[in-house]
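Report on the structure given below.
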Amino acid sequence: MRAAGKGFAVKPSRTQIKICGVGDVETSHVAAEAGADAIGLMFVEKSPRCVTGRQAREIVKALPPQVTPIGIFQDQDNGQVSNYSERVGFNDVQLHGKENLEFVASLAGMNIIKAVSFDASDIERRLEYWDDDTVTLSAIMVDAPAKGDLAGGTGHALDWSALTSLRMPMDLPLFLAGGLTPDNVGEAIRTVRPWAVDVSSGVESSRGVKDHELIRAFCAAVREADADAG
């Protein structure tokens, strides 16, 4: 999933897989061996999946080169984002809060994935906001609406059919998230045809605890859906 130039410019031959909220080296190895293309490292303190800089650095150092580490942030200042990026060793960042165009511009040089919460009544307006060629995003993630004050990892599935007619701003790659599991990710891929799928709670045995067998099952289900699509 390594970004090309200003972003994820190359259309992959298969759906990319991101396992979000990885908290230890063993789980990162399981994800890599199962076929994940990226893992998400959570730096949002109120999340049960939050990791320290030291934990994240150990995970990144142990990752094989084909797996991309992505730092997850929500309404944190750009200095904190840059600090973690330098200390831990990643250049791909996912913004899951109310960050605006100016904030993204302040992170020049990083590959930015901007998460947008899905709401059928105004999803087009939310996406249009990012249709601005003065700011470089690498991808858009469409996720379920926030639960309380914490975005992402809610386990709530989207109405995938409502996404099929949407155009991504600047024709950016689409990361599909929100309630994905080994049981439904195949249907989601066949319906939406996203660039990548992102899972967190859907591969957990309890909140914040990754289940290795579910990670393997999720990756296998993605590959099966890709094979069905030819």
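Numbered according to the numbering used here, the sequence shown spans residues 233 to 462.
Just so it is clear, CB atoms sit at the ideal spot from N, CA and C, and this is done for glycine as well.
Would the beta-carbon of residue i fall within 8 Å of that of residue j?
i	j	result
residue 406	residue 392	no
residue 363	residue 331	no
residue 305	residue 327	yes
residue 417	residue 457	yes
residue 284	residue 442	no
residue 337	residue 313	no
residue 317	residue 344	no
residue 342	residue 365	no
residue 409	residue 375	yes
residue 463	residue 297	Given that the chain is displayed from residue 233 to residue 462, the structure contains no residue 463 and the question cannot be resolved.
residue 210	residue 404	The structure shown does not extend to residue 210, since the chain is modelled only from 233 to 462, so the question has no answer here.
residue 335	residue 390	no
Who are the near neighbours of residue i in its chain, counting only those whose CB is closer than 8 Å to its CB and skipping five residues on each side?
i	result
residue 400	359, 372, 406
residue 348	355, 358, 359, 362, 372, 373, 374, 375
residue 339	310, 313, 314, 325
residue 257	290, 291, 294
With residue i and residue j assumed to form a contact (beta carbons below 8 Å), what rounded beta-carbon distance in angstroms separates them?
i	j	result
residue 249	residue 267	6 Å
residue 435	residue 447	5 Å
residue 270	residue 299	6 Å
When the Cα atoms are used, what is the spatial distance from residue i to residue j?
i	j	result
residue 294	residue 320	12 Å
residue 377	residue 394	15 Å
residue 238	residue 438	Confidence is the limiting factor: at residue 238 the pLDDT is only 48, short of 50, which leaves the residue's position unreliable, though a coordinate-based value still follows. If you take the alpha carbons of residue 238 and residue 438, they lie about 37 Å apart.
residue 280	residue 440	5 Å
residue 422	residue 275	32 Å
residue 461	residue 311	43 Å
residue 324	residue 289	14 Å
residue 412	residue 420	8 Å
residue 247	residue 388	21 Å
residue 277	residue 255	13 Å
residue 236	residue 352	For residue 236, the predicted model reports a pLDDT of 42, less than 50, meaning its position is unreliable; a value from the coordinates is still stated below. Answer to the nearest angstrom: the Cα atoms are 32 Å apart.
residue 303	residue 459	30 Å
residue 244	residue 451	16 Å
residue 455	residue 282	29 Å
residue 287	residue 346	24 Å
Just list the residues that DSSP pairs residue i with in beta bridges.
i	result
residue 335	Looking at the DSSP assignment, residue 335 forms no beta bridge with any residue, so it has no partner.
residue 299	According to DSSP, residue 299 bridges with nothing at all.
residue 428	248, 407
residue 347	373
residue 326	304, 345
residue 271	251, 301
residue 282	274
Skipping 5 residues on each side, what residues in its chain have a beta carbon closer than 7 Å to that of residue i?
i	result
residue 453	414, 417, 418
residue 449	414
Excluding the 5 residues preceding and the 5 following residue i in the sequence, name in chain order all residues of the same chain whose CB lies nearer than 6 Å to its CB.
i	result
residue 261	none
residue 444	262
residue 396	none
residue 264	296, 299
residue 329	306, 307
Counting only beta-carbon atoms, is residue i nearer than 8 Å to chain C?
i	result
residue 460	In the displayed structure, chain C is absent; only one protein chain is listed.
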